[in-house]
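Down below is the structure, laid out as structure tokens.
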Amino acid sequence: MSKIKNLTIYSEKVFSTKNILVVSDIHRTNKEGYDTGLRNLSRLFNDLSNGIQRRMYPKIDAILVPGDLVDDTKELENKEFRMMIEEELAFMTKGMPTYISLGNHDQMTVGANNEWIKGDASALREVISRAPNTILLEDDKIANFEEIAIGAFSPQYEYYEVDRERVEEFRSIFDREKRPQFDSSRYNILMTHTPTGIMALSSLEGKCIESKADLVVSGHMHNGVIKLPKNRGLISPQMELFPEYAHGTNKIGETLFLINGPVNTNVGMPIVNKFFKPNANILTLKPKVR
């Protein structure tokens, strides 16, 4: 069984119950010797569908994908692979409102020296643009899902270099790059692929540095591979041992942070990837009675 968690959130800004599925770190690939990532993706949505029929999970109203839809941008030069991604997006979303933000792998490729370098995300943007009822959120763009406002902070690939995720550099990057300007009267969801910088800096300041965000949704950490107590994990994607923010929820000030687990833990190691189950969260937003 997939690891699908239910999280209920009450807010005075929410007028009617909404069930939002969060799926991240799919890392779809067609690279030889890799796990394609499709088995876990199919398994997750089949388990979700069966769970809804058995009333284990509520019917989904919308989907959030906070990054790493694909593993390597260069693979999207292959027309057949692009068509596969389009078909899988249609399978995932089934026409439901879907909101996607870019992660690091959505902007990177493997260079001549077999190391990750900046890639071209234009093909992925085109694929997403053709998906029904699906919106890619970048820069200051905000999508409205009834009374919910959804935006994304999706920094350029260079941000994901190890030193760029440190607290001392995060503030300047956060202030420099375009991001959504939320209205505090609405329930605001900010998607940002990595939680490291925003959570560390918000913790230091005692409140979310995106002051109008009610909920921040991330992925990237892959649960720290193995979950440890108090939101920690064994190791981060940056090879940091025992990262402080690796999974689960954490409230800082008035803002709730959710770190979503991966659909695929490590497509580059098929045996390891097969061992770990796909993850997702269902956010149930409900009106809070004053």
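Under the working numbering, the first residue of the sequence shown is numbered 7, with each subsequent residue one higher.
All C-beta atoms in this analysis are idealised placements derived from N, C-alpha and C, irrespective of residue type, glycine included.
Asked: Using only alpha-carbon positions, find the residue among Asn-256, Gly-203, Asn-56 that is nearest to Gln-244.; Found: Gly-203
Asked: If distances are taken between C-alpha atoms only, which option among Lys-233, Asn-12, Val-231 comes closest to Ile-58?; Found: Asn-12
Asked: Would you list the residues sitting across from Val-20 in a DSSP beta bridge?; Found: Paired residues: none, contrary to the question.
Asked: Does the beta-carbon of Leu-142 have 16 or more other beta-carbons within 10 angstroms, so that it is buried, or is it exposed?; Found: buried
Asked: I'd like to confirm the pairing. Which residues does DSSP put opposite Ser-55 in its beta bridges?; Found: Note: Ser-55 sits in no beta bridge, so no partner.
Asked: Rounding to the nearest angstrom, what Cα-Cα distance links Leu-291 and Glu-94 in this structure?; Found: 27 Å
Asked: Consult DSSP for Pro-64 and reduce its assignment to one of helix, strand or coil.; Found: coil
Asked: Ordered along the chain, which non-local residues of its own chain (more than five positions away) have a Cβ less than 7 Å from that of Leu-207?; Found: Val-173, Phe-176, Arg-177, Ile-215
Asked: Measuring only the C-alpha atoms, how far is Asn-52 from Lys-124?; Found: 34 Å
Asked: Of all Cβ atoms in chain D, is any one closer than 8 Å to the Cβ of Glu-18?; Found: Given the protein chain composition of this structure (a single chain), no chain D is represented.
Asked: Measuring only the C-alpha atoms, how far is Asp-78 from Gly-225?; Found: 17 Å
Asked: By Cβ distance below 8 Å, which residues in the same chain neighbour Met-102 in space, the five residues on each side in sequence not counted?; Found: Ile-66, Asp-67, Ala-68, Ile-69, Asn-139
Asked: I need the DSSP call for Pro-284, collapsed to helix, strand or coil.; Found: coil
Asked: Is DSSP giving Ser-30 helix, strand or coil here?; Found: strand
Asked: Short of 6 Å in beta carbon distance, which residues of its chain neighbour Lys-24, apart from the five on each side in sequence? Order them along the chain.; Found: Asp-67, Leu-291
Asked: Helix, strand or coil for Tyr-105? Go by DSSP, reduced to three states.; Found: strand
Asked: Report the option in Glu-86, Gly-73, Lys-85, Ser-128 whose CA atom is closest to the CA atom of Leu-108.; Found: Gly-73
Asked: Look at the Cβ atom of Glu-153, then the Cβ atom of Tyr-193, and state whether they are nearer than 8 Å.; Found: yes
Asked: Check the DSSP bridge columns for Met-205 and list the partner residues they point to.; Found: DSSP, once it has assigned bridges, lists no residue as partnering Met-205.
Asked: Relative to the C-alpha of Ala-137, which candidate in Pro-284, Thr-14, Val-222, Glu-92 has its C-alpha closest?; Found: Glu-92
Asked: State the Cα-Cα distance for the pair Val-231 and Glu-183, rounded to the nearest angstrom.; Found: 30 Å
Asked: Taking buried to mean at least 16 other C-beta atoms within 10 Å of its own C-beta, is Tyr-16 buried or exposed?; Found: exposed
Asked: Using only CA atoms, which one of Ser-135, Val-223, Pro-249 lies nearest to Lys-257?; Found: Val-223
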